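Enquirer: For what it's worth, numbering that gives the first Met the number 0 labels the leading residue of the sequence shown as 0, then goes sequentially.
Ideal Cβ placement from N, Cα and C applies to all residues, glycine included.
Here the structure is a predicted model, which is why all the values come from computation and not from measurement.
One structure, as structure tokens, below. Some questions next.
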Amino acid sequence: MECSFCKGCAVTAYDSNGYNYGLPSVAVCKSCYEEVNNMMNLMNKDKKEDAAATNWNKNATKWIEEAIQAKNREEECVKHIGILDVAFKEGRYSDIQVKPGNGPSIPAHRFLLATTSEVFKTMLASDQCKSASIDSVSLPEFNHEELEAFLEFLYCGKLAKEKFEMHFYSLALAADKYVIPHLQSYCEHHIPKLLDSSNALKVLEISEICSNEILKVAALKSILSHAKEIYFTPGFEEFVRQNPHLMVHIARAHTE
0 MECSFCKGCA
10 VTAYDSNGYN
20 YGLPSVAVCK
30 SCYEEVNNMM
40 NLMNKDKKED
50 AAATNWNKNA
60 TKWIEEAIQA
70 KNREEECVKH
80 IGILDVAFKE
90 GRYSDIQVKP
100 GNGPSIPAHR
110 FLLATTSEVF
120 KTMLASDQCK
130 SASIDSVSLP
140 EFNHEELEAF
150 LEFLYCGKLA
160 KEKFEMHFYS
170 LALAADKYVI
180 PHLQSYCEHH
190 IPKLLDSSNA
200 LKVLEISEIC
210 SNEILKVAAL
220 KSILSHAKEI
230 YFTPGFEEFV
240 RQNPHLMVHI
250 ARAHTE
């Protein structure tokens, strides 16, 4: 039997599945069958790629829609934060006064203090603070400017770079004392960027008080990088007298 394609003679016939038993509807030699099979595979591949391209286009449209929705949610969140910022700065509907160690008190809102800190929540839930005659709470560790920065962060979730640089010592301590996770994370992210020879020792002290390993590692790296600048200053001698246990950490860091 001759091949239906190349018209050769005495070929082994193959059926549509490539098997040579029985009589096929079309006689084809092995060489021609393989060529046709390769062409069919190529055509099927093109179909799959077209389907994949179609799916990609559908997915791309879906991704774009989700990105737009996420952006809209972010804008709504920013708008919401803006409202809180205005409420803080203008003291709208405030129901409690927060007193610093010195300077005038600052109006705030009980609900916000309670929702940002479990410590404040417990404090405000006490019988004493529930009393109608009690309309203030004292945070004596802050001066007025530090307290203002602290409350602004609670309302807005962030601070201007200059304000954070000015008050990050007190903010880091407050984040630990009042258990405010967002402020703790904020300090861990931004304080290492501010480290230099003038503040590395202070940050090491803070890391010890707060048991914060991230700040500790960052402070030690900065101290080692600025060793000559730090070790020959009067401030370092005072640091050694007050913090002999921290000198152990510095000494070990030099050997690692």
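#1: Measure the C-alpha to C-alpha separation of S197 and E140 and round it to an integer number of angstroms.
#2: Applying the 10 Å Cβ sphere with the 16-neighbour rule, what's the burial state of K215?
#3: At the level of alpha carbons, what is the spacing between H181 and I208?
#4: Could you pull out every residue in the same chain whose Cβ sits closer than 6 angstroms to the Cβ of F235, ignoring the five residues on either side in sequence?
#5: In angstroms, rounded to a whole number, what distance separates the CA positions of I105 and V97?
#6: Cα-Cα, which of Y32, S137, D94 is closest to N101?
#7: Fully enclosed by the region 118-178, which alpha helix (DSSP H) runs are 4 residues long or longer?
#8: Roughly how many angstroms lie between the CA atoms of S36 and I67, to the nearest whole one?
#9: Would you mind listing the alpha helix (DSSP H) stretches within the region 87-116 that are 4+ residues and don't spill past its ends, in chain order?
#10: Does DSSP put F231 in a helix, a strand or coil?
#11: Measure the alpha-carbon distance for N16 versus T60 and round it to whole angstroms.
#12: What residue from Y185, Y32, L223, G156 has the CA that sits closest to L200's CA?
#13: Go ahead and pull the three-state DSSP assignment for H225.
#14: Could you work out which residue in L150, H108, T115 is closest to D288 when comparing CA atoms only?
#15: Are the CB atoms of I205 and E187 within a distance shorter than 8 angstroms?
Expert: Per the coordinate set shown:
#1: Along the sequence shown, read from residue 1 onward, the residue named residue 197 stands at position 198. Along the sequence shown, read from residue 1 onward, the residue named residue 140 stands at position 141. Near 23 angstroms, if we compare the C-alpha coordinates of E140 and S197.
#2: Locating residue 215 in the sequence shown gives position 216, where the first residue counts as 1. Within 10 angstroms of the beta-carbon of K215 lie 16 or more other beta-carbons, which makes it buried.
#3: Position 182 of the sequence shown, counted from the start, is the residue given in the question as residue 181. Position 209 of the sequence shown, counted from the start, is the residue given in the question as residue 208. Between H181 and I208, the C-alpha separation is close to 18 angstroms.
#4: Along the sequence shown, read from residue 1 onward, the residue named residue 235 stands at position 236. So the qualifying residues of the chain are I229.
#5: The residue you call residue 105 lines up with position 106 of the sequence shown. The residue you call residue 97 lines up with position 98 of the sequence shown. Taking the straight line from one Cα to the other gives about 5 angstroms.
#6: Position 102 of the sequence shown holds residue 101. Ranking Y32, S137, D94 by Cα distance to N101 puts S137 first.
#7: Given a length threshold of 4 residues, each whole run of the alpha helix (DSSP H) inside the region 118-178 is given here in chain order: 126-129, 143-155, 160-176.
#8: Stepping through the sequence shown from its first residue, residue 36 is reached at position 37. Stepping through the sequence shown from its first residue, residue 67 is reached at position 68. The residue you asked about is not Ser; residue 36 is Asn in the sequence shown. Spanning the two alpha carbons is a distance of roughly 46 angstroms.
#9: Runs of the alpha helix (DSSP H) spanning 4 or more residues and lying entirely within the region 87-116 occur at 109-115, in chain order.
#10: Position 232 of the sequence shown holds residue 231. Here DSSP, grouped into helix, strand and coil, assigns F231 to coil.
#11: For the purposes of this step, residue 16 is taken as residue 17 along the sequence shown, with counting starting at 1. For the purposes of this step, residue 60 is taken as residue 61 along the sequence shown, with counting starting at 1. Any reading at N16 must be qualified, since the residue scores a pLDDT of 49, below 50, and its modelled position is unreliable; the value itself is stated next. Pairing N16 with T60, the inter-Cα distance amounts to about 40 angstroms.
#12: One-based indexing of the sequence shown puts residue 200 at position 201. It is L223.
#13: To locate residue 225, count along the sequence shown from 1; it is residue 226. In this structure, H225 counts as coil in the three-state DSSP scheme.
#14: The structure shown does not extend to residue 288, since the chain is modelled only from 0 through 255, so no value can be given for it.
#15: In the sequence shown, residue 187 corresponds to position 188, counting from 1. In the sequence shown, residue 205 corresponds to position 206, counting from 1. Not closer than 8 angstroms, so no.
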